[in-house]
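This report concerns only the one structure given below.
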Amino acid sequence: MSTHEWQAAGRYFSYREQHRIFYRQEGTGEPLLLLHGFPTASWDWHLLWESLAERYTLLAPDFIGFGFSDKPRRYDYRLTDQADLVEALLADQGWGRAHLLVHDYGVSVAQELLARQAAGMAKVDILSVAFLNGGLFPEAHRPRPIQRALLGPLGFLLTPFLNKRKLRKNFNEIFGPDTQPSDAEIDGFYRLIDARKGQYIFHRLIRYMEDRYEHGERWKQALIETTVPLCLLNGGADPVSGKHLANFFADLVPAAKVVIWEDIGHYPQVEVPEQVLAAYFEFQRGLT
């Protein structure tokens with residue numbers, strides 16, 4: 556499914572009565588919320604979508620600042636605000652409970668939701684969480700040079716140079732050696748970024764790395780103490796949050812299911828979608 560087809564099948568809801576937030580919804584069955592990563596959008600799930608929709612009612616938003624959602628230039632992009640957005644969308648849809656399947660940036664939003672649940676402040680009952688590659692722990696996260704540069708005081712100067720060629724270079728480095736993104740996939744990913752010229756707010760979006768340090772201990776404790784079933788489906792060759800992070804997670808949360816694909820990179824749902832589906836369905840079978 557192309558990004559054009561994905562967009563045409565989507566809907567919008569109003570966040571804080573002024574921002575249009577894109578989302579996809581489809582399927583029947585248990586509610587499953589899918590949260591995407593940086594710098595892409597909900598289209599990241601398109602290779603899993605049809606199979607998941609046969610078993611679950613799916614809901615997949617583009618966070619504010621991403622994909623086909625609004626991208627205000629002057630906005631305080633924070634992970635806690637994105638969690639507020641998710642809660643608002645779930646309320647709009649009448650969802651009081653959901654399983655979560657999350658990646659990268661979405662991993663941190665899910666951690667915030669778990670922490671709220673642990674504190675008795677949740678607006679949704681989280682039934683389970685399956686994490687794909689993402690910075691679960693700041694101390695085990697290895698950001699790329701471009702991420703560090705964007706976070707610096709002159710990060711805004713880099714945004715005009717974040718073109719498709721640069722995206723290809725960066726994605727080649729984080730995908731697995733034998734599962735490199737195709738030209739069509741790079742075209743799709745770049746269209747998500749270039750919509751409403753989203754690359755010009757990357758220096759604002761990248762503040763999520765600061766948020767991870769600010770909330771890291773609270774989120775870690777929530778992972779350790781939660782009774783919500785957890786699993787980690789990890790591309791081990793990912794230089795950002797691969798096997799090194801999966802091992803850290805396994806030591807800290809020994810009750811969680813961990814699957815590592817040694818030669819797969821940062822985007823398992825794009826690189827090996829069938830394996831992700833099989834592992835996720837196996838995790839879900841263990842919950843019944």
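So for the sequence shown, this note's numbering puts the first residue at 556; every next one is plus one.
Using N, Cα and C, we set each Cβ at its ideal position, and we do this for glycine too.
The structure displayed is predicted, hence computed values, not measured ones.
Between L682 and H658, the beta carbon gap of about 18 Å keeps them out of contact (Cβ cut-off 8 Å). In the three-state scheme derived from DSSP, where H, G and I count as helix and E and B as strand, W816 is classed as strand.
Counting along the chain, F803 sits inside the alpha helix (DSSP H) bounded by residues K798 to L807.
When DSSP states are grouped into helix, strand and coil, E581 belongs to the strand group.
Only exposed fits A564, as fewer than 16 other CB atoms lie within 10 angstroms of its CB.
Following the DSSP letters along the chain, one finds S663 inside the alpha helix (DSSP H) bounded by residues Y660 to A673. Rounded to whole angstroms, Q735 and P794 show a C-alpha spacing of 14 Å. For P823, the enclosing alpha helix (DSSP H) stretches over residues P823 to E826.
For F618, there is no enclosing alpha helix (DSSP H), as DSSP gives it neither H nor E.
Judged by DSSP in its simplified three-state form, H654 adopts strand.
Within a 10 Å sphere around the beta-carbon of D636 sit 16 or more other beta-carbons, which makes this residue buried. It is roughly 7 Å from the alpha-carbon of S663 to the alpha-carbon of R767. In the three-state reduction of the DSSP assignment, H591 falls in the coil class. The beta carbon of G584 sits closer than 7 Å to those of R610, Y611 and T612, all from its chain and outside the five residues before and after it, given in chain order. Within the DSSP secondary-structure output, V684 pairs in a beta bridge with L655 and L785. According to the DSSP assignment, F744 belongs to the alpha helix (DSSP H) that extends over D738 to D749.
Pairing I701 with K724, the inter-Cα distance amounts to about 11 Å.
The way I'd put it, the stretch 674–694 doesn't touch the stretch 616–634; fewer than three beta-carbon pairs between them come closer than 8 Å. Distances from the CA of D733 to each of A674, K798, G753 and P823 were compared; the closest alpha carbon is that of P823.
Looking at A811, S606, E642 and T558, the one whose alpha-carbon comes closest to that of F618 is E642. In this model, P693 and G771 are separated by some 7 Å (Cα to Cα). The beta-carbon separation of A810 and L787, rounded to 12 Å, does not stay under the 8 Å limit for a contact.
Looking from the CA of G649, the closest CA among G620, L614 and L668 belongs to L614.
V808 places its beta carbon 8 Å or farther from that of L760. Contact annotation: L722 and H758 have beta-carbon atoms that are not nearer than 8 Å. Take D647, set aside five residues on each side of it, and the residues of its chain with a beta-carbon closer than 7 Å to its own are F568, in chain order.
Closest by C-alpha distance to R703, out of F803, A739 and R762, is R762.
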